[in-house]
Amino acid sequence: MTQRFYFLAASQVTTNLGFVLYTMALTFYINQNTGSTALASMITMTSLLARLLSGLSVPLLADTYKSIHIMRAVQVMQIGMLAGLYMLLTQKFTVTVLAMCFVIVGIISFFNGFFTIFKTSVVRSLVSDSQRMQANSLLSTIDQTFLFAGWSLGGFVLSLTGFTYSLCITAGLLLFSFVCCL
Numbered sequence: 000m001t002q003r004f005y006f007l008a009a010s011q012v013t014t015n016l017g018f019v020l021y022t023m024a025l026t027f028y029i030n031q032n033t034g035s036t037a038l039a040s041m042i043t044m045t046s047l048l049a050r051l052l053s054g055l056s057v058p059l060l061a062d063t064y065k066s067i068h069i070m071r072a073v074q075v076m077q078i079g080m081l082a083g084l085y086m087l088l089t090q091k092f093t094v095t096v097l098a099m100c101f102v103i104v105g106i107i108s109f110f111n112g113f114f115t116i117f118k119t120s121v122v123r124s125l126v127s128d129s130q131r132m133q134a135n136s137l138l139s140t141i142d143q144t145f146l147f148a149g150w151s152l153g154g155f156v157l158s159l160t161g162f163t164y165s166l167c168i169t170a171g172l173l174l175f176s177f178v179c180c181l
């Protein structure tokens, strides 16, 4: 497998860790400000629905743009939305701030769904046919391992840093992920 493949794997790992960390930070923020576990858990539901919609809209982009270009653009948009989320969370908590949090989570998750789908397409161009199954298996294993590790360690990181610094760490992870895709 090529060096570019390993950069793609590193990009996936950092994207997943960032996604987990910002989800936990935002869930904590909403729970802290509303006292509602049900409302805080809607962050995950919003994310899930947005990723499903993203999967349905992939055919609209797949024939028009190269997968690697879509992945790069998606990461830039996610970083921009994360910066917007950070600025939003520095405001006084209101219903409008809460609603905008859900909108931004939906947008970030929508773009994250693109990254996940187009990653498979990029693997085809990075590894030979004989190594494709091994490469996809490795990516899947890495994906699941770091998602589980992220959910396990994310709470610890959040408790040490607080939600605002966790969002900054997430931005750093997404920036590193973007650099890996160059």
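Numbering (numbering that gives the first Met the number 0), first residue to last: 0 to 181.
Quick reminder that beta carbons are idealized off the backbone N, C-alpha and C, glycines included.
**OP:** Let me know the secondary structure DSSP gives residue 126 once reduced to three states.
**Re:** DSSP, reduced to helix, strand and coil, places residue 126 outside both helices and strands of the structure shown, so it counts as coil.
Subject >> Within the segment 32-93, ranges of the alpha helix (DSSP H) (whole runs, at least 4 residues) >> reply: Complete alpha helix (DSSP H) runs here, min 4: 36-61 and 66-88.
**OP:** In angstroms with no decimal places, state the Cα-to-Cα distance between residue 102 and residue 129.
**Re:** Their Cα atoms are separated by approximately 42 Å.
Original post:
Quick one: does the C-beta of residue 167 sit closer than 6 Å to a heavy atom of the ligand NAP?
Top reply: This structure lacks the ligand NAP, and indeed carries no ligand of any kind.
**OP:** Can you tell me which of the three DSSP states residue 180 falls into?
**Re:** In the three-state reduction of the DSSP assignment, residue 180 falls in the coil class.
Subject >> Cβ-based neighbour list, residue 8, same chain, cut-off 8 Å, excluding 5 preceding and 5 following >> reply: The beta carbon of residue 8 sits closer than 8 Å to those of 137, 138 and 141, all from its chain and outside the five residues before and after it, given in chain order.
**OP:** Classify residue 1 as helix, strand or coil using the three-state DSSP reduction.
**Re:** Here residue 1 sits in coil by DSSP.
Original post:
Measuring CA to CA, which of 107, 115 and 32 is closest to residue 67?
Top reply: Nearest option by C-alpha distance: 115.
Original post:
Around the Cβ of residue 169, are there at least 16 other Cβ atoms within 10 angstroms (buried) or fewer (exposed)?
Top reply: Of the other Cβ atoms in all chains shown, 16 or more fall within 10 Å of the Cβ of residue 169; this residue is therefore buried.
Original post:
Among 72, 71, 106 and 73, which residue has its Cα nearest to the Cα of residue 84?
Top reply: Taking only the C-alpha atoms, the option nearest residue 84 is 106.
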